[in-house]
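Top line first, the protein sequences correspond to chains A and B. Residue numbers for the first sequence, in the working numbering: 670 to 1212. Residue numbers for the second sequence, in the working numbering: 248 to 524. A virtual CB, placed ideally from N, CA and C, is assigned to each residue, including glycine. None of the values given here were measured: they were computed from a predicted structure.
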Amino acid sequence: MKIKFTIIALLAVFSVTKGQGTFSGAFETNVNVFLRDSAINAFNTPQYDRQFYGGESWLSINYSYKDLTIGGRFDMFNNSNLRVPTDSYSGIGIGRWYAKKSINKLEISAGYLYDQIGSGFIFKAFETRPLFIDNALYGAMLKYNFSDTWQIMGFAGKQKNAFSNYTGNLKGARLEGFFSFGNEESPVTLAPGAGFVGRTISDENMAGVVDALRTYQDVDRFIPNHNTYSGTIYNTLAYKGLRLYTEAALKSSDIFYNPFAVKTELVGTTVGKLEQKSGSVLYGSLSYTKSKLGLTLEAKRTSNFNFRIDPNQRLLRGLVNYLTPLNRQNTYRLTARYNPAAQDISELAFAADVRYKFSKSLSANVNFSDIKTIEGDRLFQELFTELIYKYKRKWQLTSGIQFVTYNQEIYEMKSEVPLVKTVVPYVDFLYRFDSKNTLRTEFQYMDTKQDFGSWLFGLAEYSIAPKWSFEASGMYNTHPKKANSKGEIEKTLYPTLGVVFYHEAQRYTLRYVKQVEGVVCSGGICRLEPAFSGIRFNMATTF
Amino acid sequence: MTHTLKFSLIMAAGLLFSCKEIPITISDPFIPESDRVVLIEELTGASCSNCPKGSATIDNILSRHEGKVVAIGVHGKFLSYPTPKSKYDFRNQKAKELEAWFTGWQGKPSASVNRSVDPSSGLIVQDNPDLWLSGVERELQKPHVMNILLDTKYNTDTRQVDLEIAVIPLTDLPGNYNISIYLTESGIVDAQADGTVIIENFTFKHVLMDMMTKHSGDVLATDLEKNKVIKKNYSYTLPSNVPGLWNAQNMEVIVMVSRSSPTDVSVLQAASVHVIK
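Printed below as a string of structure tokens:
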């Protein structure tokens, strides 16, 4: 606590020092007004029942003077539904502080730090606010630059958990470099790297593991280890328009919860138990660009790579690493509806992306991804096409079709449900009336016989540059398959009305929203992402 | 490149020759002999594909600590709707209210052990069934401070259950106390989601059918005195118009006394008795 006050005091002192150093920062706030609507199941949470309001705010301030950088972040959660979507969370405090000093080739950092090794397979300290993820490393980090192209980094600390820290310990190292050889005009370059992370489970967390193992029958018991070691080797090879990234990560025997493992009970069996096994991730990405063509091929194999600071944690809590998903990250409402989470127990994924520019006005993109378990069970498949036609600077038409196969049994832990198969044609039309006034419209239709049934989505967005944007959209369940809270299968409209105002670096958004509910499961525990009905305000700025 | 190779070799060596730990001994904790009875309120549901694991865990706990634990299966709202193969709908108003009263849980199955704060979750609910047994054992290690004596009379013609309760504090207990009375039914065979399949002949146990008190309990008394007996009487008529359910032979009455303060709602003692003795 004293350290936090010292940092704040230092910031205050520097702030009154004229003409020295630079200040930068950012502010973001969300305000949600909850309007109960039992017809879409937007009820039975503290916010709908009695609190009516919930929100979050983050204020980051950084100060740099010569080789010193210090910073802090104020976090506030006020009846927020981010941490647990069905509950209310409140907390106010210093969410982050850090100090960084460069001394010749050495850089010293301490506090709450963000960094990663390679693609993040063995370590990634990062923040994702919409999911209440803030996996900052609370500790110290040293970086030493041997030369302009070679750097070694080492760290040790704990993982952040909201306004406290998990009790387990992390330490690690990374070495990265860069080579260039061959012809000076078109050299071959290599950017190799290697990393190591060690995690020690705290005694109190191990007590939880032992408590769990005591309930296991002999056939499922194991002697748990406190320490797990993971290592990774990666490299980027580039030559002309060709780029090849490869990474191989290994993890020594580690305790993790396998939601698909069969557990022996006193009578019969159940699914899901702690296991202690080693794991691996192999990843490769080959991209090629030449004049009008862009091609990317990716492959990833994941086996038993759930890596947490505390094996008793589930869902998104306590993750030390990050596994990159290979599927396309879609942005349209209906094309993004069935999105596969990267599987950490067993996954074999391939993806291909081809882009071709036929002319200045016409371009196309085809993306294909195929994800199965290592054992061969279908998890996800997507074929996405996109055609973009630009007519001068007057209008632009984006259109295509998406085919998806999605395994709800695995991604949402639903029993005896068929694979969800969807076909989504979409059109996005942008028309410029003049240099200031623009109208953008979106139409999407999802044809499916599974889950909620078919949907129709439409959006109109009118922008008056540079200040205003107005939007109206609706998502309509044209062929509903699921009953609402009254037990009736009804065609329901989920409308959104919004206005966005820009002023310099500030962005203000106000929306009236009705959003469909969903269930998301992971690690053997299902999490309800409830329907939303109400008003959302967001303000974000940098300075 | 030389640096990379050296570093990789060091790391590989670290992985291969890392220090060997002294193995942990997995042993059961000491549970003192006492008449303390612990309550488990399990949040479950027929459409919850992970919930058979919760049921098996409860069976395991009841078997390990026979007579010292009573369980209730709360089929509230989340994933409690019937499966496509279900005959029955176990949801009821009191179960929904009780489920909503337990805030903070992130998924099912979850359970509250004596409504005491779980050290790993920081809540009175724990969503990891593997940790319910240790929660029960922590509670069994606490002092036994109260006895609850129960007696039921069941009229087969009117289907009325008359319940007589005697609460006997074994020490002076300052503060406010609530009493909660649950009616549960076991031995109901119906469909239950289990992983990616539905078990059609799953045997449901301890299903909360209704409560004789409010979901949050009725006021029992304030500042309980040692050996000063508090008597309560309740009556309930079992419905007769629901085929296959409300079988008095398979029903139990569960009673518990809990603290009633803004910061402490923990259970002091629980007791159970069959509707038909």
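Contacts of residue i in chain A (Cβ-Cβ under 7 angstroms)
i             : result
residue 299/B : 939
residue 334/B : Within 7 angstroms Cβ-Cβ: nothing; residue 334/B doesn't reach chain A, min ~16 angstroms.
residue 347/B : 713
residue 367/B : 877, 981
Interface partners of residue i on chain B, CB under 8 angstroms
i              : result
residue 880/A  : 377, 378, 380, 381
residue 892/A  : 270, 271, 273
residue 1172/A : Here the premise fails: no neighbours, minimum Cβ distance about 39 angstroms.
residue 943/A  : 377
As assigned by DSSP and simplified to three states, the class of residue i
i              : result
residue 1016/A : strand
residue 1190/A : With a pLDDT of 41 at residue 1190/A, under the threshold of 50, the predicted position of this residue should be treated as unreliable, though the coordinate-derived value follows. Three-state result, residue 1190/A: strand.
residue 952/A  : strand
residue 471/B  : strand
residue 879/A  : helix
residue 1000/A : coil
residue 510/B  : coil
residue 989/A  : coil
residue 441/B  : strand
residue 862/A  : strand
residue 505/B  : strand
residue 380/B  : helix
residue 1164/A : strand
residue 838/A  : strand
residue 293/B  : coil
residue 945/A  : strand
residue 927/A  : strand
residue 1068/A : strand
residue 809/A  : strand
residue 982/A  : coil
residue 873/A  : helix
Beta-carbon neighbours of residue i, restricted to chain B and to distances below 9 angstroms
i              : result
residue 1083/A : 294, 296, 440, 443
residue 983/A  : 353, 354, 374, 375
residue 753/A  : 350, 351, 352, 353
residue 884/A  : 304, 307, 308, 311, 376, 377, 378, 379, 380, 381
Proximal chain A residues relative to residue i, where beta-carbon distance stays under 9 angstroms
i             : result
residue 318/B : What residue 318/B touches in chain A: nothing, since even the nearest Cβ is about 15 angstroms away.
residue 508/B : The premise fails here: residue 508/B is roughly 19 angstroms from chain A at the closest Cβ pair, so nothing lies under 9 angstroms.
residue 303/B : 932, 934, 935, 936, 937, 938, 939
residue 330/B : 1084, 1085
Length of the line joining the Cα atoms of residue i and residue j
i              : j              : result
residue 1172/A : residue 699/A  : 18 angstroms
residue 901/A  : residue 916/A  : 7 angstroms
residue 410/B  : residue 397/B  : 7 angstroms
residue 990/A  : residue 1116/A : 36 angstroms
residue 456/B  : residue 493/B  : 8 angstroms
residue 445/B  : residue 331/B  : 9 angstroms
residue 1191/A : residue 1080/A : In this prediction, residue 1191/A has a pLDDT of 41, which is less than 50 and means its spatial position is unreliable; nothing more can be read from the coordinates.
residue 435/B  : residue 1159/A : 32 angstroms
residue 911/A  : residue 855/A  : 11 angstroms
residue 899/A  : residue 946/A  : 12 angstroms
residue 962/A  : residue 1068/A : 19 angstroms
residue 874/A  : residue 290/B  : 24 angstroms
residue 1046/A : residue 1095/A : 29 angstroms
residue 825/A  : residue 355/B  : 35 angstroms
residue 892/A  : residue 871/A  : 16 angstroms
residue 722/A  : residue 750/A  : 10 angstroms
residue 830/A  : residue 803/A  : 7 angstroms
Proximal residues of chain A, C-beta to C-beta of residue i below 8 angstroms
i             : result
residue 324/B : 713
residue 310/B : 935
Within chain B, partners of residue i - CB distance below 7 angstroms
i              : result
residue 1078/A : 443
Min CB distance residue i to chain C below 8 angstroms
i              : result
residue 1125/A : Among the protein chains of the structure shown, namely A and B, there is no chain C.
Listed in chain order, which residues of the stretch 698-722 of chain A have Cβ atoms closer than 7 angstroms to some Cβ of chain B? 713, 715
Residue ranges of each alpha helix (DSSP H) within the stretch 1073-1150 of chain A, 4 or longer: 1077-1080
Hey, which unbroken runs of the beta strand (DSSP E) at 3 residues or more fall wholly within the stretch 736-783 of chain A? Counting only runs of 3 or more, we get 737-749, 758-772, 775-782.
Taking only beta carbons into account, state which residues of the stretch 808-834 of chain A come closer than 8 angstroms to chain B, listed in chain order. 815, 819, 821
Ranges of the beta strand (DSSP E) found wholly within the stretch 301-375 of chain B, counting only runs of at least 3: 316-322, 357-360
Counting only runs of 4+ residues fully inside the stretch 408-469 of chain B, write out the alpha helix (DSSP H) ranges in chain order. Runs of the alpha helix (DSSP H) inside the stretch 408-469 of chain B: none found.
Going along the stretch 862-879 of chain A in order, which residues come within less than 9 angstroms of chain B, judged by CB to CB distance? 862, 863, 864, 865, 867, 873, 874, 875, 876, 877, 878, 879
Of all the residues that make up the stretch 728-758 of chain A, which are near chain B by a beta-carbon distance shorter than 7 angstroms? If the cut-off is 7 angstroms between Cβ atoms, the stretch 728-758 of chain A has 753, 756 near chain B.
Pull out every residue of the stretch 953-982 of chain A whose Cβ sits closer than 8 angstroms to any Cβ of chain B, in chain order. Per Cβ criterion, the list reads 981.
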